[in-house]
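A.B. asks: Under the working numbering, the letters of the sequence shown match residues 61 to 130, in that order.
Here it is: the structure, laid out below.
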Amino acid sequence: MRLVIDLDEKYKNLFYEVVKAANASIVEEEPGFWTTLPENVKAGIKKSQEQARNGQTKTYEEVKEILAAQ
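Structure representation (structure tokens):
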């Protein structure tokens, strides 16, 4: 079984002791790009992905025209 725990550094030694007692192992990983993003940014990305799946996209030329009209 693989278990991923997002851990505060101050508890690191405690988890190493638990792992040792359970005869398990720890693989340390740096947080991925997604996990470092603020929640509002993640929400915006998810919304954009949903819009793209629904065909709600504009070409580069369309965007240029919209911005030029502002």
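Even for Gly, the Cβ is constructed at its ideal location relative to N, Cα and C.
Quantities reported herein were computed from a predicted structural model and do not represent experimental measurements.
My output table needs one value for V87: the three-state DSSP class, helix, strand or coil.
C.D. replies: As a working mapping, residue 87 is identified with position 27 in the sequence shown. V87: coil per DSSP, three-state reduction.
A.B. asks: Can you tell me whether A112 is helix, strand or coil according to DSSP?
C.D. replies: Locating residue 112 in the sequence shown gives position 52, where the first residue counts as 1. If DSSP states are grouped into helix, strand and coil, A112 belongs with the helices.
A.B. asks: Quick one: Cα of T117 to Cα of I126, how far?
C.D. replies: Translated into the one-based positions of the sequence shown, residue 117 becomes position 57. Translated into the one-based positions of the sequence shown, residue 126 becomes position 66. Going from the Cα of T117 to the Cα of I126 covers about 13 Å.
A.B. asks: Would you say F75 and L67 are within 8 Å of each other, going by their C-beta atoms?
C.D. replies: For this step, residue 75 is matched to residue 15 along the sequence shown. For this step, residue 67 is matched to residue 7 along the sequence shown. Taking 8 Å as the Cβ cut-off, F75 and L67 qualify as a contacting pair.
A.B. asks: Roughly how many whole angstroms lie between the Cα atoms of Q25 and Q130?
C.D. replies: Residue coverage of the chain in this structure runs from 61 to 130, which leaves residue 25 outside it and unanswerable.
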